[in-house]
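Residue numbers (UniProt numbering): 1 to 223. The C-beta atom is built at its ideal place from N, Cα and C for all residues, glycine as well. These numbers come from a predicted model, not from an experiment. Each remark here refers to the structure printed beneath this line.
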Amino acid sequence: MVGTIGVLMHAPYRPLRKGGRSIVDIQNQQFGLSVEEPTYPFYYSNYDGILGLTNPTPNAQGSYSLLHQMMNGWIVNVNTQQSVLKLILGGIDPQMYIGEITWAPVTDQAYWQIGIEDEGCQGIVDTGTFLLTIPQQYLTDFLQTVNAANYGSYRVDCNNVQNMPTIIFFINGSQFPLPPSAYPTYVSSSTGQPLWILGDVFLKEYYSIFDMKNKRVGLAPSA
1 MVGTIGVLMH
11 APYRPLRKGG
21 RSIVDIQNQQ
31 FGLSVEEPTY
41 PFYYSNYDGI
51 LGLTNPTPNA
61 QGSYSLLHQM
71 MNGWIVNVNT
81 QQSVLKLILG
91 GIDPQMYIGE
101 ITWAPVTDQA
111 YWQIGIEDEG
121 CQGIVDTGTF
131 LLTIPQQYLT
141 DFLQTVNAAN
151 YGSYRVDCNN
161 VQNMPTIIFF
171 INGSQFPLPP
181 SAYPTYVSSS
191 TGQPLWILGD
201 VFLKEYYSIF
211 DMKNKRVGLA
221 PSA
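Written out as structure tokens, the structure reads:
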């Protein structure tokens, strides 16, 4: 299973080279080859594969990610830029954020999980989640606060967005407000330990740094 979508995977080992040259030469890199998958959403997707940037912990087969292997084999320093969006591997661009960077230590290396200073909450900083995931124990109060109506799924009046509250996350001594214009969608998480998923709804407001070497996440307001 990948996420919540059933996919049958085969995991062979192959040598990988960048651009057909030996600039990046990685031997015995395991990757997942999808041999059976549902039509939706893959048939309508424009991508050919997924290159994960997850924390460098081994998977169930004991293999590390390609990025982790690249970090061990060469200096990663590649920029990919389109419009105002930028992905930097191996560096920080001070022109892309405002003020100081707040660093939060990773509390669970299975994810980019950090502490949120509210009753012992934990949050996963996840670029692969476009929603803001709210823990079950906070969801009812949140739905009441934004006057969400239940039509099989909860909906809010878009004309009333400006009157909805700003959500403020306290992370390692700093405040990270999320205005109502930024969270038009949300979903509950499983019960148990309070766990937020700070997906793209949150990350589009903040410059985010994933520091594998020092096991921490950096956040600062986007420029």
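According to DSSP, residues forming a beta bridge with residue i
i: residue 207; result: 220
i: residue 123; result: 114, 196
i: residue 149; result: 155
i: residue 98; result: Looking at the DSSP assignment, residue 98 forms no beta bridge with any residue, so it has no partner.
i: residue 92; result: According to DSSP, which records beta bridges pairwise, residue 92 is partnered with nothing at all.
Rounded separation between residue i and residue j - CA only
i: residue 101; j: residue 35; result: 43 Å
i: residue 133; j: residue 168; result: 14 Å
i: residue 144; j: residue 158; result: 15 Å
i: residue 156; j: residue 30; result: 44 Å
i: residue 69; j: residue 126; result: 21 Å
i: residue 93; j: residue 137; result: 38 Å
i: residue 45; j: residue 129; result: 16 Å
i: residue 150; j: residue 164; result: 17 Å
i: residue 161; j: residue 33; result: 43 Å
i: residue 205; j: residue 113; result: 18 Å
i: residue 177; j: residue 146; result: 16 Å
i: residue 212; j: residue 109; result: 10 Å
i: residue 154; j: residue 135; result: 16 Å
i: residue 191; j: residue 121; result: Since pLDDT at residue 191 reaches only 49, below the 50 mark, its modelled position is unreliable, and the value read off the structure follows with that caveat. Their Cα atoms are separated by approximately 12 Å.
i: residue 152; j: residue 89; result: 42 Å
i: residue 140; j: residue 37; result: 35 Å
i: residue 214; j: residue 65; result: 18 Å
i: residue 228; j: residue 210; result: Because the chain in this structure spans residues 1 to 223, residue 228 falls outside the shown range and cannot be described.
i: residue 180; j: residue 43; result: 33 Å
i: residue 148; j: residue 175; result: 26 Å
i: residue 142; j: residue 182; result: 15 Å
i: residue 107; j: residue 95; result: 29 Å
Residue i, enclosing alpha helix (DSSP H) - first and last residue
i: residue 142; result: 136-145
First and last residue of the uninterrupted beta strand (DSSP E) at residue i
i: residue 197; result: 195-198
i: residue 104; result: 102-105
i: residue 174; result: 174-178
i: residue 109; result: Note, residue 109: premise wrong, no beta strand (DSSP E); not H, not E.
i: residue 65; result: Segment: none, residue 65 is in no beta strand (DSSP E) and carries neither H nor E.
i: residue 168; result: 167-171
Integer Cβ distance of residue i from residue j, believed to fall under 8 Å
i: residue 116; j: residue 171; result: 6 Å
i: residue 208; j: residue 217; result: 7 Å
i: residue 220; j: residue 91; result: With 8 Å as the limit, residue 220 and residue 91 do not qualify as a contact, their Cβ atoms being about 15 Å apart.
i: residue 222; j: residue 97; result: 6 Å
i: residue 124; j: residue 203; result: Not quite, the Cβ-Cβ distance comes to about 11 Å (not below 8 Å), so this is no contact.
i: residue 131; j: residue 173; result: At roughly 26 Å, the Cβ-Cβ gap does not stay under 8 Å, so residue 131 and residue 173 are not in contact.
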